[in-house]
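Residue numbers (my numbering): 7 to 243.
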Amino acid sequence: MLEELKRQVYQANMELPKRGLITYTWGNVSGIDRETGYFVIKPSGVDYSSLKPEDLVVMDLNGNQIEGIYKPSSDTPTHLELYRKYPDIGGIVHTHSPEATAWAQAGRDIPLYGTTHADYFFGAIPCARSLTQEEIAGEYEKNTGLVIIETFEQRRMNPMYTPAVLCTNHGPFAWGVDAADAVHNAVVLEEVAKMAAKTEQINPDVKPAPDAIRDKHFFRKHGKNAYYGQLTDHREV
């Protein structure tokens with residue numbers, strides 16, 4: 007079932023160690039087939055060195071395991087909530103990449119300081135609030151997804167314009183039109199987090215870039231009037 011999607015999600019998962027975004031098993035990627043409503047996700051705790059496409063788990067949007075011999079990622083309920091809320095999301099990735107996770111542990115948004123950030127994210131990358139004691143003790147992973155959604159709803163942010171979030175005391179999630187695009191955004195997120203931290207070290211009084219810079223660089227790559235790159239490659243920098 008969904009063999010081509012499994013192959014795509016497998017390849018996206020294998021990008022995580024290749025790009026230095028994960029250590030051991032600290033991450034997962036999923037991708038969804040919107041026609042069936044089924045999504046494919048990495049199994050829980052399986053090392054990347056032994057992972058195979060047939061090991062991936064197929065889930066439905068009610069949280070039922072449709073196919074797979076392994077348990078799905080423990081973060082599956084978070085992915086599920088995001089897929090259910092945002093139909094434009096086609097792939098999701100969670101890592102504990104050190105630069106982005108440092109901002110999450112600090113409980114801070116990543117400000118938009120320059121054009122590299124603006125090419126991919128329309129404004130600051132938000133840091134969601136801490137979960138309450140009750141939310142942690144309850145359905146923790148589901149509540150993580152709900153708090154991500156709460157953050158975007160309260161701030162009136164378009165999740166496809168800012169395809170990433172930081173979860174306080176936890177780490178980053180990123181997403182995209184498919185699994186490969188989600189990983190691409192996670193890689194950029196890690197670089198942007200690194201640049202922002204160094205920027206503040208060099209100039210502790212730095213201010214975010216002007217909105218005109220944000221708008222120019224984001225909309226030249228996104229939306230109906232985009233003119234950057236080639237029509238066949240939406241991921242080119």
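Cβ coordinates follow ideal geometry from the N, Cα and C atoms, glycine included.
Alpha carbon of L118 to alpha carbon of Y234, nearest angstrom = Whole-angstrom Cα-Cα distance: 20 Å.
State the Cα-Cα distance for the pair G51 and G33, rounded to the nearest angstrom.
-> Straight-line Cα distance between these residues: approximately 9 Å.
Every unbroken alpha helix (DSSP H) inside the segment 162 to 209 [4 residues or more] | Runs of the alpha helix (DSSP H) lying entirely within the segment 162 to 209, each at least 4 residues long, are 185 to 208 in chain order.
Every unbroken beta strand (DSSP E) within the segment 94 to 153, with a cutoff of 3 residues, ordered by chain | DSSP runs (the beta strand (DSSP E)) wholly in the segment 94 to 153: 97 to 101.
Is the Cβ-Cβ distance between L172 and I131 less than 9 Å?
-> Taking 9 Å as the Cβ cut-off, L172 and I131 qualify as a contacting pair.
Based on the DSSP output, what are the partners of D39 in its beta bridges?
-> Bridge partners of D39: Y44.
Going by DSSP, name the residue or residues bridged to E279.
-> No answer is possible for residue 279: it lies beyond the span of the chain, which begins at 7 and ends at 243.
Where P78 falls: helix, strand or coil (DSSP) | In the three-state scheme derived from DSSP, where H, G and I count as helix and E and B as strand, P78 is classed as strand.
Using the Cα positions of T42 and T101, report the straight-line distance between them to the nearest angstrom.
-> Rounded to whole angstroms, T42 to T101 spans 27 Å at the Cα level.
Count the CB pairs spanning the segment 85 to 93 and the segment 23 to 33 that are closer than 8 Å, and state whether there are at least three.
-> No: fewer than three Cβ pairs fall under 8 Å.
Candidates E140, S136, A199 and N164, of which the one nearest H176 by Cα = In terms of CA proximity to H176, S136 leads the group E140, S136, A199 and N164.
Under the three-state DSSP convention, the category N231 falls into | Assigned with DSSP and collapsed to three states, N231 falls in coil, not helix or strand.
Alpha helix (DSSP H) containing D217: first to last residue?
-> Per DSSP, D217 belongs to the alpha helix (DSSP H) from D217 to F225.
Count the C-beta pairs between the segment 64 to 76 and the segment 150 to 168 that are closer than 8 Å, then say yes if the count reaches three, no if not.
-> Result no; under three Cβ-Cβ pairs closer than 8 Å.
Can the beta-carbon of S103 be found less than 9 Å from the beta-carbon of A203?
-> Going by C-beta atoms, S103 is not nearer than 9 Å to A203.
Between Y146 and the rest of its own chain, which residues show a CB-CB distance below 8 Å, the 5 nearest in sequence each way excluded?
-> So the qualifying residues of the chain are L137.
Going by Cα to Cα distance, which pick from S36, K24 and G129 is closest to Q14?
-> Comparing Cα positions, the closest option is S36.
Range of the contiguous alpha helix (DSSP H) that encloses Y16 = Element bounds for Y16: E9 to K24.
Where P49 falls: helix, strand or coil (DSSP) | Correct three-state label for P49: strand.
Separation of T122 from D184, as counted between CA atoms = Answer to the nearest angstrom: the Cα atoms are 22 Å apart.
Would you mind working out which of K91, T157 and D39 sits nearest D66, comparing C-alpha positions?
-> Nearest of K91, T157 and D39 to D66, Cα basis: D39.
Taking C-beta to C-beta, are P178 and A106 nearer than 9 Å?
-> Closer than 9 Å, so yes.
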